[in-house]
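In my numbering, the protein residues as written are 772 to 1045.
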DNA sequence: ACGTGTACCTGCACGC
DNA sequence: TGCGTGCAGGTACACG
C-alpha cells in the first residue's frame, strides 16, 4: 500500500471531489475485502448523508459525514480510488462504488483485496480497535528523539523492523523504512537498542524529510498506486536504495544490497550505512 | 510476553 | 507462446 505519503496524496486528491457530496447508494462486489462489507448496513446508515471532511490518520483515510458517522478506509497493498461518472463502466477489481446524488461516483478498486472499509462514529473513533494502538504521527510533536530513544532502548529488534511498527510511529512502510535508514546512514540490521542518541535524532529527521519530500512529489509511482485523479506520483524517481539491488550507491559507488527481514525486502548500502 | 513466520489475494516480470 | 516461480507498498494471527 501506499505508505503515509501516498495516503496523504490520495486524501488531498479526493477532498475537492468529495466534500459536500451526498450519498445516493453504495454498491459492493461479491468478493470480500479483508473484512466483508455489510452492504445493507452501509446503505441504511449512509443514505443521503453528506461528506463534510476527510482526514488521514496513519495509513487510514477517515471520511466524516454530517451525521457523525465515519467511514474508515485502508488501501491495503493495492487499493485505489477513482472518481468517475456513475455511467462509467465497472473497473476490473472494483469492489466498492459509492454513487452521489450529484451524478459522480467514487470507485474503490483493489486487486489483492487486502484493503478494507469500516463504519463507525466520530465518538467511537478514538477508541476504535483499528486506531487505538497507533503510535504518533511522524510529523507530530510527540515523535521526539526522547520518545524514540525510550522505545528503542528496550527493543532487541532490528531498527528497520521497529520503525515499521505502527505502534511505534505510524505511516512508515517497507519503502520509506529503507530510504530513511539510508538517509541517516544507519544499517537496517542494527539492533534498536544499540542506536546512539545522535543517530536517533538523525533518523527522525531523515524520516520527516523523506516522507515530506514524497508527499511533495505526489507519492511514489509504484504500479498499484494511483492518485485520486488517476495520475501516478513521481517520488520513485528519487529512491536512493529501494529496488536498486546490485546497482551502485549514488554516494559511494558500492553495490546496493538486498536482504530479507521479517519476510520483507530491505535495500541498503553496506558502506554508507553502519 | 515477546519476536518471528505465515496467511490473506492477484498480477506481473522473469527464466526456461 | 506457455508455464512455473518469486516477488509486490499492508496487517493480523498462530506459533515457539
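We put the CB at the ideal spot given by N, CA and C, even for glycine. Everything numeric in this text was worked out from a predicted model, so none of it was measured.
- [ ] Kindly give me the distance between the Cβ atoms of residue 876 and residue 870, rounded to whole angstroms, as I take these residues to be in contact under 8 angstroms.
- [x] Looking up residue 876 in the first chain gives position 105. Looking up residue 870 in the first chain gives position 99. Contact flag correct, Cβ pair sits at about 5 angstroms.
Task: DSSP beta-bridge partners of residue 865 - done: What you label residue 865 is simply residue 94 of the first chain in a count that begins at 1. For residue 865, which the question treats as bridged, DSSP gives the partners 880.
Open item on the list: Taking its Cβ as the centre, do 16 or more other Cβ atoms sit within 10 Å of residue 1040, making it buried, or is it exposed?
Closed with: Within the first chain, residue 1040 is the residue found at index 269, counting from 1. So residue 1040 counts as buried.
TODO: Return the Cβ separation of residue 908 and residue 971 in integer angstroms, given the expectation that the two are a contact with Cβ distance under 8 angstroms.
DONE: Within the first chain, the letter at position 137 stands for residue 908. Within the first chain, the letter at position 200 stands for residue 971. Going by Cβ atoms, the distance from residue 908 to residue 971 rounds to 18 angstroms, so no, they are not a contact pair.
Open item on the list: Under DSSP, the alpha helix (DSSP H) around residue 1010 begins and ends at which residues?
Closed with: Walking along the first chain from the start, residue 1010 turns up at place 239. In the DSSP annotation of this structure, residue 1010 is not part of any alpha helix (DSSP H), being labelled neither H nor E.
TODO: Identify which residue in 931, 1006, 969, 781 has its Cα closest to the Cα of residue 987.
DONE: For the purposes of this step, residue 987 is identified with residue 216 of the first chain, where counting begins at 1. Considering only 931, 1006, 969, 781, the residue with the shortest C-alpha distance to residue 987 is 1006.
TODO: Measure the beta-carbon distance from residue 843 to residue 789 and round it to whole angstroms, keeping in mind my assumption that it falls under 8 angstroms.
DONE: On the first chain, residue 843 is found 72 positions in, with the first residue counted as 1. On the first chain, residue 789 is found 18 positions in, with the first residue counted as 1. Approximately 15 angstroms separates the beta-carbon atoms of residue 843 and residue 789; this is outside 8 angstroms, ruling out the contact.
Open item on the list: Using the three-state DSSP reduction, which class does residue 1046 fall into: helix, strand or coil?
Closed with: Nothing about residue 1046 can be read from this structure; the chain reaches only from 772 to 1045.
- [ ] Out of 924, 1033, 892, point me to the one whose CA is closest to residue 944's CA.
- [x] Position 173 of the first chain, counted from the first residue, corresponds to residue 944. If we check each option's Cα against that of residue 944, 1033 comes out closest.
Task: Buried versus exposed call for residue 1023 [16 or more other C-beta atoms within 10 Å across all chains shown] - done: Taking the first chain and counting its residues from 1, one reaches residue 1023 at position 252. With fewer than 16 other Cβ atoms inside 10 Å of its own Cβ, residue 1023 counts as exposed.
Task: Option in 990, 1042, 796, 989 with minimal Cα separation from residue 1012 - done: Taking the first residue of the first chain as position 1, residue 1012 is located at position 241. The candidate whose alpha carbon is nearest that of residue 1012 is 1042.
Open item on the list: Less than 6 angstroms between C-beta atoms, sequence neighbours within five positions excluded: which residues of the same chain meet that for residue 938?
Closed with: Locating residue 938 in the first chain gives position 167, counting from the first residue. 904, 906, listed in sequence order.
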